Every structure is written in structure tokens, then in C-alpha cells.
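The sequence shown begins at 1 in this note's numbering and counts up one residue at a time. A virtual CB, placed ideally from N, CA and C, is assigned to each residue, including glycine. These numbers come from a predicted model, not from an experiment. One structure below.
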Amino acid sequence: MDMAAQPDLVTEPLGASRGAVMGGVRLLLRLEGLVLAAAAVAFYAHQGGSWWLFAALFLAPDVSFAAYLAGPRLGAVVYNAVHSTLAPAALLAIGLAAGQPLVVEIATIWLAHIGVDRLAGYGLKYVDGFGFTHLGRIGRDAAR
């Protein structure tokens with residue numbers, strides 16, 4: 001397989017409509033967000049985590065928006081790195097394996113944030129702009 005011919009899946013501009021799901025598939029992905037958020041909150045409660053910590057850190061992943069100040073390409077890369085489930089799931093596994101409750105709590109809060117974002121329609125971003133996501137357009141871009 002010629003790797004040079006492969007698209008850059010993180011930063012390749014996909015235009016206004018390519019790459020976004022619609023209809024029932026979009027609904028299914030948003031419902032997955034609901035399940036992720038509910039499971040994360042239930043697990044957090046079961047673990048006995050501090051709700052003050054939960055409230056303090058819940059919006060922390062949104063600090064990644066600041067990367068958009070450097071442009072849409074870097075903004076999309078940073079936002080997607082922080083809003084993919086890969087890092088918090090790995091962090092959760094590490095925290096559980098190492099017996100580190102604070103690490104488990106941080107990872108669980110992070111997963112809850114991602115779940116709520118997905119439920120609200122905030123998907124992973126394309127470099128076309130913040131409003132172009134894998135779950136469809138959001139914000140001002142939704143009207144285009």
C-alpha cells in the first residue's frame with residue numbers, strides 16, 4: 001500500500017459535507033455519547049470520587065479550543081487529540097492497573113466530558129473550521 005497516497009485522516013480538509021454522518025447513524029453516534037457519559041458518571045459515583053473535583057475538571061478539555069488561535073489546522077489536531085476517547089481510556093486503564101484513584105477519577109471525568117460533547121453533537125473536528133465535525137456542522141456553520 002502506497003502510504004503517500006493515503007489521506008491525512010487528522011488534518012485533511014474534507015469540505016462542507018464529506019466525512020459527516022447523517023440521519024440514523026448520526027443519532028446512533030450521539031446516543032453512544034449519552035451511554036458513554038452515563039457510564040462514566042455512574043462509574044465515578046461508584047468509585048466515590050469527589051463531586052467538587054468532577055465539577056472543577058469537567059470543562060477542562062475545552063481549554064483545547066485555545067489552539068484554534070493558531071489556526072484551524074492546529075486547532076483541529078489539538079481538539080481531536082483531547083476529545084478522542086483514546087487518551088482517557090488509556091489513562092483509565094493505567095490508573096486502574098496502578099491502583100491510583102485520582103488518575104482513575106481524572107480519566108473518568110474526561111470520558112464523561114467527551115460523552116456529553118458527543119451527545120450534544122460536538123464531534124471531532126475537520127480543518128475546514130471549528131463548526132465542521134464528524135457528527136455534522138455545528139454553530140454558525142450549521143446554516144451553511
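What three-state label does DSSP hand residue i in the structure shown?
i      : result
Tyr126 : strand
Glu48  : Looking at the sequence provided, one finds Gly at residue 48 rather than Glu. The answer is coil: DSSP assigns Gly48 none of H, G, I, E or B.
Among the residues of its own chain, which have a CB less than 6 Å from the CB of residue i, if the five just before and after it don't count?
i     : result
Gly33 : Gly115, Arg118, Leu119
Gly75 : Ala67, Tyr68
Ala70 : none
Cα separation between residue i and residue j?
i      : j     : result
Leu14  : Gly99 : Confidence is the limiting factor: at Leu14 the pLDDT is only 48, short of 50, which leaves the residue's position unreliable and the question unanswerable from this model.
Ala81  : Ala87 : 8 Å
Arg137 : His46 : 36 Å
Which first and last residues belong to the alpha helix (DSSP H) in which residue i is found?
i      : result
Ala20  : Careful: Ala20 lies outside any alpha helix (DSSP H) and carries neither H nor E.
Leu96  : 86 to 98
Val103 : 101 to 119
Ala76  : 72 to 83
Ala55  : 51 to 57
If you check the beta carbons only, do residue i and residue j fall under 8 Å apart?
i      : j     : result
Ile109 : Leu57 : yes
His134 : Gly23 : no
Leu29  : Val21 : yes
Leu124 : Ser84 : yes
Just to confirm my understanding: we take residue i, look at its own chain, exclude 5 residues before and 5 after, and list those with CB closer than 7 Å. What are they?
i      : result
Ala37  : Ala112, Gly115, Val116, Leu119
Val173 : With the chain represented from 1 up to 144, any question about residue 173 goes unanswered, as that position is not in the structure.
What residues in its chain sit with their C-beta under 8 Å from that of residue i, if we drop five residues either side in the sequence?
i     : result
Leu91 : Val103, Ile106, Ala107, Trp110
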